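Here's the structure, in structure tokens; my notes come after.
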């Protein structure tokens, strides 16, 4: 009977396996030495995280977002930098830029958002900046950001028939992105605030009815209250408003509540209203 053939490992394979074992042992030894050294010297602990300019956002709030692993081993913060900037921007009305400023030291450049509009939607007042960032006007974090200024202009009401002003189905963080065209609304407000002969602009409603978006501007002047209904295409406004101003100068109303419908191409309709907004 033939004896079974005995297979011996390839010497090169055995040598490669031994080399890998030595490398793993060396790596384990180095990790152990590093861990022991770090435990005694804290050489890689995060030493400082400063917000710049000082006082715009308390530094403790930035520390809260830094993962514990990055606090113990600061080089990890270089990997988490983008996440931290994004988290700060979603939690507070600021933009944040982080950079390494020294061994174990980082600085966060914090810039407060500058809201341009106050928007009333779903029984809440929201603030919107020029880039479309949106957050609640009563957000607690507003009080923690120095340099944040709330606009005092007319309140803009976003009607229930309008598309939601928030991007996406729900608010991702305390500060999110908005689909509102801030520049367009500012253009409307600027034009309407120039109608001093109508009075002071109190509010602007943007609403959609029967598939058409219209604007309803509310003015007050002494005992007179005027609601002006306009199309959103402001290129048609100069002719409409010029005709309305002529009509106004010929027969200026002394008081009461009026609804002025300027959405027609060939006429302007003026109706009296009661205090509830019902036409008489």
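Numbering (UniProt numbering), first residue to last: 1 to 280. Every residue gets a Cβ at the ideal spot worked out from N, C-alpha and C, and that includes glycine. Given the structure is predicted, the values throughout are model-derived calculations rather than measurements.
Asked                                                                                                                                                                     : Found
Between the C-alpha atoms of residue 271 and residue 257, what's the straight-line distance to the nearest angstrom?                                                      : 9 Å
Hey, out of 233, 146, 175, whose CA is closest to residue 187's CA?                                                                                                       : 233
Since I believe residue 128 is in contact with residue 206 (beta carbons under 8 Å), could you give me their beta-carbon distance rounded to a whole number of angstroms? : Between residue 128 and residue 206 the Cβ distance is about 13 Å, and since that is not below 8 Å, they are no contact.
Let me know the secondary structure DSSP gives residue 270 once reduced to three states.                                                                                  : strand
Distance check for residue 44 and residue 118, CA to CA, integer angstroms please.                                                                                        : 46 Å
Using only the alpha-carbon positions, how far apart do residue 249 and residue 198 sit?                                                                                  : 10 Å
Could you check which residue in 21, 86, 219 has the C-alpha nearest to that of residue 260?                                                                              : 219
From residue 106 to residue 150, what distance separates their C-alpha atoms?                                                                                             : 30 Å
Measure the C-alpha to C-alpha separation of residue 49 and residue 75 and round it to an integer number of angstroms.                                                    : 13 Å
Quick check: the Cα distance between residue 130 and residue 246, rounded to an integer number of angstroms?                                                              : 35 Å
Between the C-alpha atoms of residue 231 and residue 267, what's the straight-line distance to the nearest angstrom?                                                      : 13 Å
Pick helix, strand or coil for residue 231, following the three-state DSSP scheme.                                                                                        : strand
Short of 7 Å in beta carbon distance, which residues of its chain neighbour residue 173, apart from the five on each side in sequence? Order them along the chain.        : 90, 91
According to DSSP, which residues form a beta bridge with residue 201?                                                                                                    : 219
Leaving out five residues before and five after residue 145 in sequence, what residues of the same chain have Cβ atoms less than 7 Å from its Cβ?                         : 56, 57, 92, 93, 94, 112
Are the Cβ atoms of residue 176 and residue 134 separated by less than 8 Å?                                                                                               : yes
With C-beta atoms as the reference, is residue 66 less than 8 Å away from residue 47?                                                                                     : no
Assuming residue 159 and residue 208 are in contact, meaning their beta carbons sit under 8 Å apart, how far apart are those beta carbons, in whole angstroms?            : 6 Å
To the nearest angstrom, how far is it from the Cα of residue 169 to the Cα of residue 273?                                                                               : At residue 169 the pLDDT is 49, less than 50, meaning the model places this residue with poor confidence and gives no usable figure here.
Going by DSSP in three states, residue 255 sits in which element: helix, strand or coil?                                                                                  : coil
What are the complete alpha helix (DSSP H) segments, minimum 4 residues, inside the segment 49-132?                                                                       : 59-65, 68-72, 76-91
Please classify residue 121 as buried or exposed, where buried requires at least 16 other C-beta atoms within 10 Å of its C-beta.                                         : buried
Classify residue 142: buried if its beta carbon has 16 or more other beta carbons within 10 angstroms, exposed otherwise.                                                 : buried
Report the residue from 96, 51, 104 whose alpha carbon sits nearest the alpha carbon of residue 72.                                                                       : 104
Residue 157: which of 253, 226, 185 sits nearest, CA to CA?                                                                                                               : 185
DSSP state of residue 207, grouped into three classes?                                                                                                                    : strand
Secondary structure at residue 249, three-state DSSP: helix, strand or coil?                                                                                              : helix
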